[in-house]
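Have a look at the structure below before the remarks.
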Amino acid sequence: MIRLTDSARLFFTLGSLILLVICIYFMRPILAPLSFSFILAAILLPVTAFLERKGLSPNFAAIITVTFSSLLVIGTIVAASWQISSLTDNAQDITAKIDNRIHKGVISLEKAYPQLRKQTLINYRQRTEELFKNVGEYISSSGSGLAALVSNALLMPLFIFFMLSYRQFFRTFLHRVIESEDKYVDQVLNKIYKVTRSYLSGMITVMAIVGVMNAIGLSIIGVPYAIFFAILASMLMVVPYLGVFIGSLLPALMALLTFPSPLPALAVIAWMWVVQLIEGNLITPYLVGSKVSINPFAAIISLIAMGQLWDIAGLVIAIPFVAILKIILDAIPSTQAYGMLLGEVNRAQFDFEM
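In the working numbering, the protein residues as written are 854 to 1207.
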């Protein structure tokens, strides 16, 4: 038996990590929808198992589950599509309002400071006109990218069906590959299933509650496209840290463009801050809790890394991905130290000072 030195083990570990990152990057067209399908299948598994206990076959139970969940998603998209279409149609008016507000600000600045050269203002207006005349093209290209994303997502129901229907087949496959005790493999699979389902189902519930609260507040304030911005802000919650900021900034900018006074925009920020405060201190701890024991440093690093590898999809899936990785690392004795590095920091475990 060949025994490797510590430096050789470190070399092979780093080499394997680099190879894994390369594979994740170049295989993202298939790995990204498969990853989302796995997470959604974990959420829908209780429904499929319930139908199977009622006497349905695994295939038929999976078909019913995927069909009704797809109809629910389609209904949600249709309910918000009219506001998205209206927002796209009025994009030129919105950009014109932005240009007008900026021009008024520059004119006010020129009146307050007459020493500013008039040519500077003329050059500025020319540059802003060149910038905003292409906004429609940018929105159209974004719409095309969204359509491509939707077309790729049509494969996900098929993936979810096979994952639900063939789950026992995949379980047997893992038993044969790992060649370990049944209880050991099942414990790891159950942990992965529980942490994925608990986190994602809890987040979906939180997103629904926050979306309703945001829609009520934005509608009372009078922000145009209130339902759209409320749904967008709740969906951006799946991107930790950055999503809440972006979701609050967009309706505030819309309010600033719609009303002559800045008070409605301040009211939007205040309301969404209150909603975020309630969500962070009451709703999320109660519905999600500490299901994902990842320390903030590992979470931020994973968000940056997955964002670079898979763009927006990587930001969404980063936290569940790291949570599953931690479970796998904790289950293998030789990698438990790496699992500890990803987990929450318990300062009581360390009795030394740097």
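Positions of the beta carbon are idealized from the N, C-alpha and C atoms, including for glycine.
Item to check | Cβ-based neighbour list, serine 923, same chain, cut-off 7 angstroms, excluding 5 preceding and 5 following | outcome: Pro1010
Checklist entry - Short check: CB of serine 1101 to CB of isoleucine 1073, under 8 angstroms? => result no
Checklist entry - Between threonine 918 and threonine 901, which are expected to be in contact by the criterion C-beta below 8 angstroms, what is the C-beta distance as a whole number of angstroms? => result 5 angstroms
Item to check | Rounded Cβ spacing between valine 1048 and alanine 1176 (contact assumed at less than 8 angstroms) | outcome: 5 angstroms
Checklist entry - In terms of residues, what are the limits of the alpha helix (DSSP H) holding valine 1175? => result 1149-1184
Checklist entry - Hey, out of Ser890, Cys876 and Val1030, whose CA is closest to valine 1169's CA? => result Ser890
Checklist entry - isoleucine 1185 to methionine 1060, Cα distance in whole Å? => result 35 angstroms
Checklist entry - Can you name the start and end residues of the alpha helix (DSSP H) that valine 1192 belongs to? => result Strictly speaking, residue 1192 in this sequence is glycine, with valine absent from that position. From DSSP, the alpha helix (DSSP H) with glycine 1192 extends over 1189-1195.
Next on the checklist: Can you determine whether any heavy atom of the ligand ADP sits closer than 7 angstroms to the C-beta of alanine 1086, and answer yes or no?
Outcome noted: The ligand ADP is absent from the structure shown, which contains no ligand whatsoever.
Checklist entry - Using a Cβ-Cβ cut-off of 8 angstroms (strictly less than) and excluding sequence neighbours within five positions of leucine 1017, which residues of its own chain qualify? => result Ala894, Leu897, Leu898, Thr901, Pro911, Ala914, Ala915, Thr918 and Val919
Next on the checklist: Using a 10 Å radius around the Cβ and a threshold of 16 neighbouring Cβ atoms, would you call alanine 1190 buried or exposed?
Outcome noted: exposed
Checklist entry - Is the beta carbon of glycine 1075 sitting closer than 8 angstroms to the one on proline 1117? => result yes
Item to check | Environment of proline 1149 [buried if 16+ CB atoms lie within 10 Å] | outcome: exposed
Next on the checklist: So, under 8 angstroms CB-CB, proline 1173 and leucine 1053 are touching, yes? Tell me the CB distance rounded to an integer number of Å.
Outcome noted: 7 angstroms
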